[in-house]
Every structure is written in structure tokens, then in C-alpha cells.
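Reading through the C-alpha cells given below for one structure.
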Amino acid sequence: MELVTGIFRSRLDGPNLRALELLEKGVATSEHFEHLGAGKVITRRGSVYVILDVLGTLICHLSRRGHSHLALRVGYSGQGIEISPESVCVRVRSEFPVCDSCFSFIMMVNSGWSPPINTITWAIRHMNVIAEGEREIRRAHERADGRRRRDEAKQKAALQHRLAKAVEGRNIGSLRSAIKEAESAGLDAGELTQAKTAFSEAAAMYVKENVSGLFEQVAGLAERAGDVERAQTAIQELRVQAIEDVLNELPLTTTDLLLCAARSVSVLSACGIDVGDIDPVFVPLFERYDPTTIDNMILLWHISGMGGGGDAEATVLERYRTN
């Protein structure tokens with residue numbers, strides 16, 4: 014093993030070269046050191062590591078700039094914690110080959126870090142203190158994460174209980190509120206499937222209870238239509254619109270629902286159903302709307318591209334407006 018090679022090695026005088034060779038033998042036979050390359054060796058004490066830069070030590074010593082010292086750096090690596098190495102000052106006697114001091118460091122480590130070098134001992138303790146601080150910060154984060162997960166689990170359980178009660182009660186207001194709260198809390202879509210199904214069913218029941226049996230009666234009319242499929246499609250569109258309005262917290266007096274109703278009446282008439290049979294079924298729905306709203310919709314249906322240019326639907330609205 015050669016820690017220092019090339020031109021720099023060739024320029025060492027006899028004492029320094031012999032001291033370097035002794036050091037290299039000491040490193041090669043030590044169980045506590047590893048050659049990193051570029052003249053650096055590393056040893057560890059627990060998770061703390063110490064790097065001795067032999068080449069850097071030689072350069073500093075031979076350049077005669079300031080006091081001679083070992084080029085040592087102490088860092089930490091273990092248990093998921095990495096602390097960048099910091100320089101440690103260990104002064105040596107400049108009248109002796111500096112590699113003798115490097116060799117003394119090797120022997121100190123081989124002897125169980127004895128006798129200790131105060132600056133190195135302090136640096137190792139310092140690294141362990143920093144690492145323990147990092148571990149404590151991580152433990153604090155883990156405790157906080159644990160509390161957060163427990164709180165989230167409690168909140169989730171409470172939301173799931175509330176959803177279950179809302180599904181059981183089939184109350185549209187309770188279902189809407191519970192679903193909104195669960196979505197805001199980030200519950201998975203799969204956990205909301207049953208509640209949303211119950212919500213849609215509750216909305217459909219609300220529509221059924223609040224339009225005076227319209228859909229039951231109009232289903233019978235559709236069966237008598239010349240084009241049953243077309244009539245049933247128009248009625249289904251009206252029903253879907255009513256349910257969507259309820260799901261969106263809208264009253265059963267929206268303009269969309271009004272226009273769907275007018276279209277349904279128009280389709281039933283076109284399919285051969287007598288007006289005298291249609292009107293008694295739809296009058297209760299149209300009576301929910303004030304005349305001004307119906308007048309505005311009539312104007313809209315007469316404007317091509319706005320209401321669709323539906324003269325038949327406009328005629329229906331005019332009839333119910335008159336009634």
C-alpha cells in the first residue's frame with residue numbers, strides 16, 4: 014500500500030520517506046483503518062468517522078506555513094443520520110517527520126483510542142451530541158406523526174359512523190352534509206359509494222314525493238304513445254333533471270326543469286297523447302313557476318340558438334302560462 018505516490022513521494026527526504034513507509038505498513042496491518050485513496054485513511058468509532066489526510070498533512074508540514082498539524086476531519090454516518098465532516102486541529106512537533114505523528118495516531122486507535130487526544134475526543138463527543146439532537150428531532154416528528162395519524166383515524170371513524178347513520182336514515186340533508194364533510198376530509202371515493210347511492214335514491218324519493226305523483230301518471234301516458242321509446246326517453250330526461258336539481262341543492266323550480274317539462278309535454282303530444290290527458294298531469298308542476306319566469310322562457314325558446322328555436326315547447330309554455 015502506498016498512501017503517497019508519484020512526484021511528491023520522490024521528493025521526500027530520507028527521514029520523511031522512512032516515516033511514511035512505517036505509516037503505510039501500520040495502516041496496511043491495522044483492522045481499524047481503510048485506505049480511501051488520494052492519501053486519505055478512515056477509521057470509525059461507533060457511527061463517528063475520522064479521516065486522516067496523510068498527503069494534506071505532509072504538504073502542510075513541508076511547506077512550513079504556520080504550525081504543523083494533522084489534517085484530520087471528523088464526521089458522522091449512521092442510523093440514517095449524515096453529518097458533514099469538520100476539521101479538527103491536532104498540532105504536532107515540526108522538528109520530527111510528520112508521518113511519525115500520523116503513525117502515533119494509528120497506534121492510538123489500534124490501542125482502543127488510548128491515550129486519548131483531547132481535541133479528537135471532544136470532536137467525537139460533539140458529533141454524537143449533534144446526532145442525538147437529530148435523533149430527538151426525528152423522534153419528535155415521529156410522535157407528532159403518530160398523533161396526527163391517530164387523530165386522522167378517529168376523524169375517519171367518526172365520519173364513517175356519520176355516513177352509516179345518514180345512509181340508515183335516508184335523510185337527504187343529512188346525507189348531503191355527511192358526504193360533503195367526508196369529501197373535504199379526503200375519504201376515498203370507494204368509502205362514499207354507498208352514501209352517494211343512498212343520496213341519489215333519497216333525491217329520487219324527494220322528487221317523487223314533491224311532484225304529486227307526476228312520474229307515475231306520466232308513465233301510463235308514455236305507454237299509450239305512438240312512439241313509446243321516444244316518450245319514455247323524454248320523461249326520463251325530465252326525471253333526471255329533477256333529481257340533479259335536488260342533488261345540487263336547487264328547488265324544483267329551476268328553468269332547466271321548466272324547459273325539460275315543456276319538452277316532455279311537446280314530445281307526448283307529438284307521440285299522439287291528447288292534450289286533455291297531458292294537462293292534468295303537468296299543471297301542478299307548471300303552477301310552481303311565476304308568470305314572469307314562463308314569459309322569459311317563451312321568449313328564449315323563440316330565439317334560434319338560445320333556447321334551441323323550440324316553437325313547440327314555446328307553444329306549450331304559452332298554453333300553461335294562459336292557464
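Heads up, my numbering is the position in the sequence shown plus 13, with the first residue counted as 1. Yeah, the Cβ is synthetic: ideal placement off N, Cα and C, and Gly gets one too. The structure displayed is predicted, hence computed values, not measured ones.
Would you list the one or two residues that DSSP bridges to residue i?
i	result
Lys167	Lys167 pairs with nothing; no bridge assigned.
Lys53	Gly50 and Asp66
Met217	The question names Met, yet the displayed sequence has Ala at residue 217. DSSP lists no partner for Ala217.
Ala84	Cys102
Val61	Arg58 and Tyr89
Between the C-alpha atoms of residue i and residue j, what's the straight-line distance to the nearest angstrom?
i	j	result
Glu236	Thr267	27 Å
Ser90	Phe46	16 Å
Asn29	Gly52	15 Å
Glu150	Glu44	Note on identity: in this sequence residue 150 is Ile, with Glu being the wrong assignment. The alpha-carbon atoms of Ile150 and Glu44 are separated by roughly 34 Å.
Glu37	Cys102	22 Å
Met319	Glu214	At Met319 the pLDDT is 49, less than 50, meaning the model places this residue with poor confidence; the figure from the coordinates comes in the next sentence. So the two alpha carbons sit approximately 33 Å from each other.
Ser127	Leu35	20 Å
Leu16	Ala41	10 Å
Asp258	Arg162	38 Å
His48	Met121	17 Å
His80	Ser107	7 Å
Asp308	Val278	17 Å
Where does residue i fall in DSSP's three states?
i	result
Tyr89	strand
Arg189	helix
Ala177	helix
Leu260	helix
Val231	helix
Val17	coil
Arg334	helix
His341	No information on residue 341 is available, as it lies outside the stretch 14 to 336 that the chain covers here.
Asp201	coil
Gly159	helix
Ala247	helix
Would the C-beta of residue i count as close to the ligand COA, meaning under 7 Å from any of its heavy atoms?
i	result
Pro293	The ligand COA is not part of the structure shown, which contains no ligands of any sort.
* Taking three-plus beta-carbon pairs below 8 Å as touching, is the segment 82–89 in contact with the segment 58–69? -> yes
* Asked: If you scan the segment 89–142 from start to end, which runs of the alpha helix (DSSP H) of 4 or more residues do you find wholly inside it?
  -> 111–123
* So does the segment 193–205 actually touch the segment 168–183, counting three or more Cβ pairs closer than 8 Å? -> yes
* Asked: Would you call the segment 205–214 and the segment 236–251 touching, i.e. three or more CB-CB distances under 8 Å?
  -> no
* Asked: Below 8 Å, can you find three or more Cβ-Cβ pairs linking the segment 136–147 to the segment 111–118?
  -> no
* Asked: At which residue ranges does the segment 253–306 contain complete alpha helix (DSSP H) runs of 4 or more residues, listed in the order of the chain?
  -> Segments of the alpha helix (DSSP H) lying fully in the segment 253–306: 268–283 and 288–299.
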